[in-house]
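S.K.: So the sequence shown is numbered by the numbering used here: it starts at 1 and just counts up by one.
Don't be surprised by glycine CBs; every beta carbon is placed ideally from N, CA and C.
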Amino acid sequence: MKIAFHGAARAVTGSKHLITLTNQTQILLDCGMFQGMGESTEKLNSYFGFEPSKVTYMILSHAHIDHCGLLPRLVAEGFKGNIFCTPATMDLARILLMDSAKIQEQDAEYANKKRPENEEVEEALYTEEDVIKTLSQFKIIDYDTSFDICPEISVCFTDAGHIVGSAAVHLTIKEDGKPTRLTFSGDVGRYGDLILKSPQIFSQADYIIMESTYGDSLHKDLEPIENMLYEIIQRTCIEKRGKVVIPAFSVGRTQELLYALNNLELKHKLPDVPFYVDSPLSIQATEVLKNHPEVYNNGVKEVMKIDEDPFSFKGLKFIESVAESKALNNDNRPCVIISASGMAEGGRVRHHIRNTIGDQKNTILMVGYASPGSLAGKLMAGDKQVYLFRENLDVVAEIRSIRSMSAHGDYEDLLQFLSSQDPALVKQLFLVHGEYPVQQHFAKRLNEHGFKHVVIPEYHQVFDCETEPAWSI
1 MKIAFHGAAR AVTGSKHLIT LTNQTQILLD CGMFQGMGES TEKLNSYFGF EPSKVTYMIL
61 SHAHIDHCGL LPRLVAEGFK GNIFCTPATM DLARILLMDS AKIQEQDAEY ANKKRPENEE
121 VEEALYTEED VIKTLSQFKI IDYDTSFDIC PEISVCFTDA GHIVGSAAVH LTIKEDGKPT
181 RLTFSGDVGR YGDLILKSPQ IFSQADYIIM ESTYGDSLHK DLEPIENMLY EIIQRTCIEK
241 RGKVVIPAFS VGRTQELLYA LNNLELKHKL PDVPFYVDSP LSIQATEVLK NHPEVYNNGV
301 KEVMKIDEDP FSFKGLKFIE SVAESKALNN DNRPCVIISA SGMAEGGRVR HHIRNTIGDQ
361 KNTILMVGYA SPGSLAGKLM AGDKQVYLFR ENLDVVAEIR SIRSMSAHGD YEDLLQFLSS
421 QDPALVKQLF LVHGEYPVQQ HFAKRLNEHG FKHVVIPEYH QVFDCETEPA WSI
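(1) Can you pull the DSSP bridge partners for L474?
(2) Tell me E211's beta-bridge partners as DSSP assigns them.
(3) Nearest-angstrom Cα distance between K326 and Q284?
(4) Can you tell me which of the three DSSP states M1 falls into?
(5) Which residue marks the beginning of the beta strand (DSSP E) containing E398, and which one marks its end?
(6) Since I225 is in the alpha helix (DSSP H), which residue starts that stretch and which ends it?
(7) Would you kindly work out how many angstroms separate the C-alpha atoms of S212 and K43, rounded to a whole number?
(8) Note down, in chain order, each residue of its chain lying with its Cβ closer than 8 Å to the Cβ of L229, except the 5 sequence neighbours on either side.
(9) From what residue to what residue does the beta strand (DSSP E) around F417 run?
(10) For T356, tell me which candidate among K317, P224, I399 and S217 has the shortest Cα-Cα distance.
(11) What are the boundary residues of the beta strand (DSSP E) that P247 is part of?
(12) For the stretch 113-132 against the stretch 71-84, are there 3 or more C-beta pairs whose distance is under 8 Å?
(13) Do the CB positions of H62 and I209 come within less than 8 Å of each other?
(14) State the DSSP-derived secondary structure class of A168, mapped to helix, strand or coil.
(15) Would you say Q200 lies against chain E (beta-carbon separation less than 8 Å)?
(16) For K305, count neighbouring Cβ atoms within 10 angstroms of its own Cβ and tell me buried if that reaches 16, exposed if not.
(17) Which of the three DSSP states, helix, strand or coil, is assigned to M58?
(18) Provide the residue span of the beta strand (DSSP E) that contains P179, from first to last.
(19) Is it buried or exposed, F147, if we count other Cβ atoms within 10 angstroms and call 16 or more buried?
Structure follows, in structure tokens:
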């Protein structure tokens, strides 16, 4: 058995891990799009590093675009197998991939309008037709259900607590009559998440592919989030009469914000200003979460005893049309705008940032991870000037962040996720989905907890489980 790491290798986005068995059966774990990688993003998304037509099965951990965003491209280039995931992941993937296809087609159309006559026509990465074909290949598997995808391979999903439908993937692979147990963590959520159940522990594995986004960090407690939101909104909207713009991922972060703001209303502490969710995708994602109450933790269930819709409150308006979105930029009254995307690399939030970044009475509030090369990442890093819509814009607005809202676990959460494992029985633990310095820090911490064979794979690196000796950092 060989494992090749074709994405999220010493980086956070582009998750793609290819398992090849001795009989040449190939299992692809995730097929994500690279995001926020600057000028290299387009090139990275145009090359897989393997032949899609040779992939036998595809298993999807969850529906974030950096994990599923290249599935239509995979299918367009010849993949004909089944795509296995949880029911909620399929529901989310449907809306996220259709939205992504629209963006790809719009970007290609715009580029072709601007291209010189002597340059080739730019093709969209994939189309809505590609997405429709891709969705026809999905097969759903419920949590905690062992399912044989072929005589040699069984798969089981457990709840990873990251977003609705997110799963850790547990494979049992039989070669020459000998079973090998491999776990792919997907993205691991928080223990004590605002909305979701905690990540499940899992049976002993021989090999583990483990995310490491916050492998060097400890998040602040989740409880003060409501207090921080209150303080920022009160200061900006009530005292300074400005706007709060919050770049937020459509899936997960937007719903967490709505839940926290709803809790403020239940406590009679919500400032009396308009709140807008300006993202059609966020509206659809919120409906998906409402349709899957099986993922709610006990805290949400308790709130629902007194408030049947914990994701809505007085003063909240969902914006769908472009005209309504533009009207927000022409309205100078104090308000709070939650809009996608979370890294501010696309979507309507870029227009809201341009409209507010030049006035000190406004606040741009970051509520999670952003790649260093992304617009949100640059703002979080303290850049005094950013390039947006072909302009260099001075950063005058106040930049704030609430790091504790991450849907990714910190290193204590990651270690708790691994707590069911006997480190001596783990032949190799591969760290993916993290920046390299963070991974080095987490690898040392894992060594201290008994995991002696920790590897940080490079992009496109292949590991042969049968012939290569155990290696570590």
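M.R.: Taking the geometry as given:
(1) No information on residue 474 is available, as it lies outside the stretch 1 to 473 that the chain covers here.
(2) Per the DSSP secondary-structure output, E211 pairs in a beta bridge with V432.
(3) 20 Å
(4) coil
(5) E398 to S401
(6) I225 to I233
(7) 24 Å
(8) L257, A260, L261, L264 and I402
(9) Per DSSP, F417 belongs to no beta strand (DSSP E); it is in the alpha helix (DSSP H), Y411 to F417.
(10) I399
(11) K243 to P247
(12) yes
(13) no
(14) A168: strand per DSSP, three-state reduction.
(15) The chain inventory of the structure shown lacks chain E, comprising one protein chain alone.
(16) K305 is exposed by the Cβ-count criterion.
(17) strand
(18) Segment K178 to F184, the beta strand (DSSP E) holding P179.
(19) Classification for F147: exposed.
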